[in-house]
Every structure is written in C-alpha cells, then in structure tokens.
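Before any comments, here is the structure.
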Amino acid sequence: MKYFRALLIIWLFSARSFAAEFAVSPMMIELESSPRVIENFSFQVFGKTAGQVKITAWDMEQQLTGHMGFVEVNGDQEKLSSWVQLDNPTFSVKKDESVEVTGKVTIPPWANGSYHTAVMVEEARAPDAKGVVVNVRYAVILNIRVAGKKSRISSSFSDLRLIEQEGEFYIAGRFINNSNRDYRLSSKAQLRSADNKL
C-alpha cells in the first residue's frame, strides 16, 4: 500500500500542468453611448508567462445573494453579450510582453439605461491536454450607459426580517430595481415596541 501511494503521488506531480499566467488591465471599462452607435473598446493582456489566450463575451446576472455572476451564452443572439464583437478571439502572448485586445459594442436602437456584460480572458488549451488542468479566468467588465428617453426610477422592497448572526441581530430585506438603469438607494429602519414607541 505504501508503494502504491508513492507511485500515485509521483504520477500526480509528473502529470500536473501549469497554467499560463496573465495580468489584465483595466478590469472595468466605462462606455457612455446612445442608441444605434458602435463603441470601440480595448484592454491590455500582459504575459507573466508565455501562452495562448482566448477571449469570449459573457452575460452578467445578479444572484440572490446580491452578487453578480457570469453566464456563458454560447452565441445566443437574445443575450446582451451578443452586442459585443471581438476583433481577435484567440492570440498568443509572450513572457513580459503586452497584447492589446480590441473590440466593439453595437448599441441597438431600443436600448436605454444601464447594462453590464463581460469579456472573459483565459488560457486557450487543447481539448486533449493531459494532466491536471488549472483554468483561471479574468473578467473585464463593460459598464454601458445608454442615454435614451428618460425613464422613471422605480424599486420595490420585500421580505423584511430580523436575522441573528454570531450572537448579533440584523434587519434584512430584499430591494428590487424595477428601472432600466442603475441608481443609488438609501434606506433607514425604525424599531418600535408593541405600543408603537421608538
């Protein structure tokens, strides 16, 4: 059994595959635009090691936790990521050198408000790559604000509750933005007794 374990450990270390390392800048691109306009964008990929890179457009969706998640859509033309066209989806980068990634966003005629999508940067690996594959993705966020007709700001609130965490009590609830653009929201809570006293 000890001999088998030694062989297994040796195989794992000999079979593992090291991922190429990149640095991406900037990680957030702000675009101010209007309907029926094509906006160009660019960012830099710096090679900490040499490797092949692929870039793809992903959708972003807000999770129940409030955080933003990334969704691969695989060419679905109904998704926001279909607005994004990338000039060179795959390329090579040398160690200690930078490559400029370029693309454009086509704003449809009906767009109005705030939109978020992402360009995912990762190592391009062969499908039959052997060993333990380590796949690291870097997301470049496209924050798109489209100046169209002014829309009314609207939000809703639900699920007000008192929760306990680590011996302390917190007030929690769920806000939903019913508008088609981002805006800042402030709130305050008042605690009253059964006889309506603060």
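Every number in our numbering is 785 more than the matching position in the sequence shown, counting from 1. Yeah, the Cβ is synthetic: ideal placement off N, Cα and C, and Gly gets one too.
Exercise for the section: Rank 855, 816 and 843 by C-alpha distance to the C-alpha of residue 862 and give the top, closest one. Expected result: 843
Handout entry: Contact set for residue 868: own chain, Cβ-Cβ below 6 Å, skip 5 residues either direction
Key = 890 and 891
Problem - When 953, 878 and 820 are compared against residue 932, the one with the closest alpha-carbon - result: 820
Handout entry: Top-ranked residue by Cα proximity to residue 956, from 976, 971 and 940
Key = 976
Problem - Collapsed DSSP secondary structure at residue 895 in the structure displayed - result: coil
Practice task
Round the Cβ separation of residue 822 and residue 809 to the nearest angstrom and send it over; I've been treating them as touching at under 8 Å.
Solution key: Actually they are not in contact, since the Cβ atoms of residue 822 and residue 809 sit about 26 Å apart, beyond 8 Å.
Exercise for the section: Could you say which of 850, 845 and 941 lies nearest to residue 972 if we only look at CA atoms? Expected result: 941
Handout entry: Top-ranked residue by Cα proximity to residue 924, from 939, 910 and 906
Key = 906
Exercise for the section: Buried or exposed for residue 960, please, with buried defined as at least 16 other CB atoms from any protein chain shown within 10 angstroms of its CB. Expected result: exposed
Handout entry: Between the CA atoms of residue 850 and residue 886 - distance to the nearest angstrom
Key = 32 Å
Exercise for the section: Could you tell me which residues DSSP puts in a beta bridge with residue 975? Expected result: Answer is none; residue 975 lacks a bridge partner.
Exercise for the section: Specify, as a first and last residue, the run of the beta strand (DSSP E) that residue 842 falls within. Expected result: 836-847
Handout entry: Counterpart residues of residue 850 in DSSP-defined beta bridges
Key = Beta-bridge pairing links residue 850 to no other residue.
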